[in-house]
Amino acid sequence: MVGNAARDATSLFTPAEAAQFAAEGYVVARGFASSDLCARIRDAGIRDLAAAKAPLEYEASVGYPGAPASIEAAGGRTVRRLLGAVDRDAAMRDWACGADTAARMAQLLGGRPVLSRAHHNCMMTKHPDFGSQTNWHRDIRYWSFERPELVSLWLALGPERPENGGLFVLPGTHVMEIEPQRYDGAKFLRPELAANRDLIATKRAVALEAGDALFFHSRLFHAAGRNASTAVKFSLVFTYRAADNPPVAGTRSAASPEIFL
Ligand SMILES: O=C(O)CCC(=O)C(=O)O
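Once you know that position 186 of the sequence shown is 185 in numbering that gives the first Met the number 0, the rest is easy, because the numbers rise by one and skip nothing.
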């Protein structure tokens, strides 16, 4: 019994960590996945990348800064995301749906977690040469749920720093109201506006090591630069909702079967 109690305690956020998530919209669980598991997940990514195993998203198809202009251009088949991660590989699925992940998600969501196959559900593969920059955005911008309160989980499979395209966040922005005119047509923050510049000046880099997991709110603004290193950066990303926060019927968010944890 003592052993179980100790194990349960380590699988949850401390009150201080939960309070950080509530206040800042993100929290990092250090060493959340073992190095053995990280190696298995990363190897699966390397294997699927080499085989160009569908479903894939190419950098060229998102057209972000630094991406090839088209599939036919040099680097046009650079993969941005290996999609469908939960159905791609057992190690990815087991981690996404495992007891430790479910317990932490239940804590942050305040209810039973449900994994969305429609959003994230991918391995991000940021390449040195043609990997793109992602400007400041909230993931919820194109998602449709009863409440805009989902939590995403980003597992680093190697070191993540600004230099290799690691994430930046704007702490506390998950609870801010932002006027529509502060966004461009694709719902990225317009960096030329003084109000946005002031907000962006509050940015914080999220430095991660392999096995660290970033939990972040679907309304948290985040961004990432290009990968200036010589190695592809692999990160596994999933999104969860609470069971009482269903997707809106008829939208893309409702189009794929979900997994109740
Ligand atoms: O790695 C990146 O460029 C950022 C990815 C991201 O923010 C997203 O997919 O929502």
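Even glycine gets a Cβ: it sits at the ideal position worked out from N, Cα and C.
Just jot down, in chain order, the residues whose CB lies closer than 6 Å to any heavy atom of ligand 1. This criterion selects M123, K125, T133, D138, G164, H221, A223.
Option in Y57, C121, R79, E71 with minimal Cα separation from W94: Looking up residue 94 in the sequence shown gives position 95. Cα-wise, what sits closest to W94 is C121.
Where the alpha helix (DSSP H) through M104 begins and ends: Indexing the sequence shown from 1 puts residue 104 at position 105. First-last of the alpha helix (DSSP H) with M104: 98–108.
So, helix, strand or coil for Y141, using DSSP? Translated into the one-based positions of the sequence shown, residue 141 becomes position 142. When secondary structure is reduced to three states using DSSP, Y141 falls in the helix class.
Stretch-stretch touch, CB-based, cutoff 8 Å, three pairs: the region 211–221 with the region 24–33: Touching, per the Cβ criterion.
Restricting to runs no shorter than 4 residues, where is the alpha helix (DSSP H) found entirely within the region 43–128? Runs of the alpha helix (DSSP H) spanning 4 or more residues and lying entirely within the region 43–128 occur at 58–61, 89–96, 98–108, in chain order.
Status (buried if at least 16 other CB within 10 Å, exposed otherwise) for D249: Indexing the sequence shown from 1 puts residue 249 at position 250. This sequence places Gly at residue 249; Asp is not what is there. In the assembly as shown, G249 is an exposed residue. Its beta-carbon has fewer than 16 other beta-carbons within 10 Å.
Exposed unless 16 or more other CB atoms sit within 10 angstroms - verdict on P190: Sequence index remark: in the sequence shown, residue 190 carries index 191 (1-based). With fewer than 16 other Cβ atoms within 10 Å, it is exposed.
Outcome for D183 when other beta-carbon atoms lying within 10 angstroms are tallied against a minimum of 16: Position 184 of the sequence shown, counted from the start, is the residue given in the question as residue 183. The C-beta of D183 has fewer than 16 other C-beta atoms within 10 Å across all chains shown, which makes the residue exposed.
Taking 8 Å as the cut-off, decide whether the C-beta atoms of S228 and A117 are in contact. Start at 1 with the first residue of the sequence shown, and residue 228 comes out as number 229. Start at 1 with the first residue of the sequence shown, and residue 117 comes out as number 118. No; because the gap between Cβ atoms is not below 8 Å, this pair is not in contact.
Would the region 13–24 count as touching the region 35–55 if we require 3 or more Cβ pairs under 8 Å? The region 35–55 and the region 13–24 do not touch, with fewer than three beta-carbon pairs separated by less than 8 Å.
For P246, which of helix, strand or coil comes out of DSSP? Taking the sequence shown and counting its residues from 1, one reaches residue 246 at position 247. Looking at P246 - three-state DSSP - the assignment turns out to be strand.
Secondary structure, alpha helix (DSSP H): runs of 4+ residues fully inside the region 133–218: DSSP runs (the alpha helix (DSSP H)) wholly in the region 133–218: 193–199.
Under 8 Å: do the region 138–153 and the region 232–248 share three or more Cβ pairs, one atom per stretch? Yes: the two stretches touch, three or more of their Cβ pairs being nearer than 8 Å.
On the three-state DSSP scale, how would you describe F12? Taking the sequence shown and counting its residues from 1, one reaches residue 12 at position 13. Looking at F12 - three-state DSSP - the assignment turns out to be coil, as it is neither helix nor strand.
Proximity winner among F129, Q180, N163, relative to S69 (alpha-carbon distances): Residue numbering aside, residue 69 sits at position 70 when the sequence shown is read from its first letter. With distances taken between Cα atoms, S69 lies closest to F129.
Nearest to P127 (by Cα), restricted to the options G164, G83, G171, C96: In the sequence shown, the residue the question calls residue 127 occupies position 128. Nearest of G164, G83, G171, C96 to P127, Cα basis: G164.
Do you know whose CA, among G224, P256, V231, lies nearest Y239's CA? Locating residue 239 in the sequence shown gives position 240, where the first residue counts as 1. That would be P256, whose Cα lies nearest to the Cα of Y239.
Mind checking whether I258 and V168 have CB atoms under 8 Å apart? Reading the sequence shown from its first residue, position 259 is the one you call residue 258. Reading the sequence shown from its first residue, position 169 is the one you call residue 168. Cβ distance not < 8 Å, so I258 and V168 don't count as in contact.
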